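Chemist: Numbering (full-length UniProt numbering), first residue to last: 1 to 267. Using N, Cα and C, we set each Cβ at its ideal position, and we do this for glycine too. Because the structure is a prediction, the values reported are computed rather than measured.
In structure tokens, the structure reads:
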């Protein structure tokens, strides 16, 4: 081995056997804890008296905003300025924006690039068209669900119906409406058709608010419960065609009530 080659070899061994220094770790920044500001914008006395708990900000904020839209406290066309709402509820923009995304999918608010979100207006003509489609979807869902549901699944639906009756007797409108929606969604899930479920979910989002407001007519609320009992009777008998027809009829009559309510509101 030549002297030059030997020196190069020894140099390489020295480099390999040398001590390697770990790169200096970057300093870790400690995130500052968010300080919740007291509410400055009081939407109502009720809102000011119900502070959100930090454990589940997103869920609580979403439920509160949805309730305010459905109850009419946030009316169609009302702007939803982030800064004021953050101060009102004592939250950061992140849970508020997450809540906005869900409300937008439900058709309750409109998100606009670089502009303040607003509560969406209710288009009576569109609602009418949507209910025509929903009537067909509910009928199909009912027919398939009656054929495919197991005994345990029917028992669960019966328990949900019992809760619906309880909410009606206690005049808990918001709880009744949410349970009503869950029952219709559960029937559609029991159809075991993912395409139908996706279509039903998308269509239902377009009439969510208008459907809720129809329950504020007490006579219609009573009739709605009677219709639920009628189609549940058909389901108990495993009468697929009868169940489908009763469910579709319930949706048709609900659509008429909703459109009537929208006409009165417009006047």
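Would you decide whether residue 156 is buried or exposed? Buried here means 16 or more other CB atoms lie within 10 Å of its CB.
Modeler: Looking at its Cβ environment, which holds fewer than 16 other Cβ atoms inside 10 Å, residue 156 is exposed.
Chemist: For residue 79, which residues does DSSP report across the bridge?
Modeler: 118
Chemist: Does the segment 100–112 come close enough to the segment 236–245 that 3 or more CB-CB pairs lie under 8 Å?
Modeler: no
Chemist: Whose C-beta lies closer than 8 Å to the C-beta of residue 225 among residues of the same chain, with five residues either side of it excluded?
Modeler: 164, 165 and 168
Chemist: Can you name the residues that DSSP bridges to residue 141?
Modeler: Looking at the DSSP assignment, residue 141 forms no beta bridge with any residue, so it has no partner.
Chemist: Does DSSP classify residue 257 as helix, strand or coil?
Modeler: helix
Chemist: Which value, in whole angstroms, describes the spacing of the CA atoms of residue 70 and residue 79?
Modeler: 15 Å
Chemist: Go ahead and label residue 269 buried or exposed: buried means 16 or more other beta carbons lie within 10 angstroms of its beta carbon, across all protein chains shown.
Modeler: Any property of residue 269 remains undetermined from this structure, which presents the chain solely from 1 to 267.
Chemist: Per the contact definition of three or more C-beta pairs closer than 8 Å, is the segment 128–141 in contact with the segment 195–210?
Modeler: By the Cβ rule, the segment 195–210 counts as touching the segment 128–141, because three or more pairs are nearer than 8 Å.
Chemist: Measure the alpha-carbon distance for residue 118 versus residue 77 and round it to whole angstroms.
Modeler: 6 Å
Chemist: Note the first and the last residue of the continuous alpha helix (DSSP H) segment covering residue 97.
Modeler: It spans 93–105 - the alpha helix (DSSP H) in which residue 97 sits, taken as one unbroken run.
Chemist: What are the start and end residues of the beta strand (DSSP E) that includes residue 111?
Modeler: 109–112
Chemist: Going by beta-carbon coordinates alone, are residue 135 and residue 220 separated by less than 7 Å?
Modeler: At the C-beta level, residue 135 and residue 220 stay beyond 7 Å of one another.
Chemist: Does the segment 168–177 touch the segment 81–93, meaning 3 or more C-beta pairs lie closer than 8 Å?
Modeler: Taking one beta carbon from each stretch, the segment 81–93 and the segment 168–177 have fewer than 3 pairs nearer than 8 Å; the two do not touch.
Chemist: For residue 90, which of helix, strand or coil comes out of DSSP?
Modeler: coil
Chemist: Check each candidate in 192, 115 and 137 and name the one with the smallest Cα separation from residue 147.
Modeler: 192
Chemist: Compare the beta carbon distance of residue 61 and residue 95 with 7 Å and say whether it is the shorter of the two.
Modeler: yes
Chemist: For residue 260 and residue 180, I'd like the C-alpha separation in whole angstroms.
Modeler: 20 Å
Chemist: Throw me the rounded Cβ distance for the residue 195 and residue 137 pair, which I believe falls under 8 Å.
Modeler: Wrong, their Cβ atoms sit about 11 Å apart, outside the cutoff.
Chemist: Going residue by residue through the segment 160–199, where are the continuous alpha helix (DSSP H) segments of at least 4 residues, counting only ones entirely within it?
Modeler: 173–190
Chemist: Near residue 57, which residues of its chain fall below 6 Å by C-beta distance, leaving aside the five closest residues on each side in sequence?
Modeler: 91 and 95
Chemist: Distance check for residue 263 and residue 318, CA to CA, integer angstroms please.
Modeler: There is simply no residue 318 to check, as the chain begins at 1 and stops at 267 in what is shown.
Chemist: From this set, 186, 123, 112 and 121, which residue's C-alpha is nearest residue 144's C-alpha?
Modeler: 186
Chemist: Less than 7 Å between the beta carbons of residue 250 and residue 227, yes or no?
Modeler: Yes, they are a contact pair.
Chemist: According to DSSP, is residue 73 part of a helix, a strand, or is it coil?
Modeler: In the structure shown, residue 73 sits in coil (DSSP, three-state: anything other than H, G, I, E or B).
Chemist: Specify, as a first and last residue, the run of the alpha helix (DSSP H) that residue 222 falls within.
Modeler: For residue 222, the enclosing alpha helix (DSSP H) covers residues 218–236.
Chemist: Can you check which of these residues, 245, 255, 254 and 124, is closest to residue 139 by C-alpha distance?
Modeler: 245
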